[in-house]
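Those letters in the sequence shown? Residues 59 to 148, by this note's numbering. No residue lacks a Cβ here, since even glycine has one placed at the ideal position from N, Cα and C. The structure displayed is predicted, hence computed values, not measured ones. Here is the structure we will look at.
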Amino acid sequence: GSGEGLETADVIYCGMERVPFLRSAFGMYDDVTAEVWRADPICADRELINAKELRGRIALVQRGSSESEPCSFVDKAHRVEEAGAVGCLI
59 GSGEGLETAD VIYCGMERVP FLRSAFGMYD DVTAEVWRAD PICADRELIN AKELRGRIAL
119 VQRGSSESEP CSFVDKAHRV EEAGAVGCLI
């Protein structure tokens, strides 16, 4: 799978599948359990339309940008944090 060879104890469960992941070099490292919710816009490259729905959830965000300007992971993380999300999967 895509997570093979990763040296990490961090995992997310998608159904019955165990998916390892790497944490960012920024932010908090608290363990959280929350529902995953899609950010809108999915790239989180501008104001989030569904900010209220993301509060208390883990935001699912796509890499890249829907606009001509690039959007960094840090900018994406700041947007979902401001919306009240407890985590972000990019």
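Contact annotation: residue 101 and residue 129 have beta-carbon atoms nearer than 8 Å. Boundaries around residue 137 are those of the alpha helix (DSSP H), 131 to 140, since no beta strand (DSSP E) includes it. Residue 148 places its beta carbon 8 Å or farther from that of residue 104. Assigned with DSSP and collapsed to three states, residue 105 falls in coil, not helix or strand.
A direct Cα-Cα distance of roughly 23 Å separates residue 70 from residue 109.
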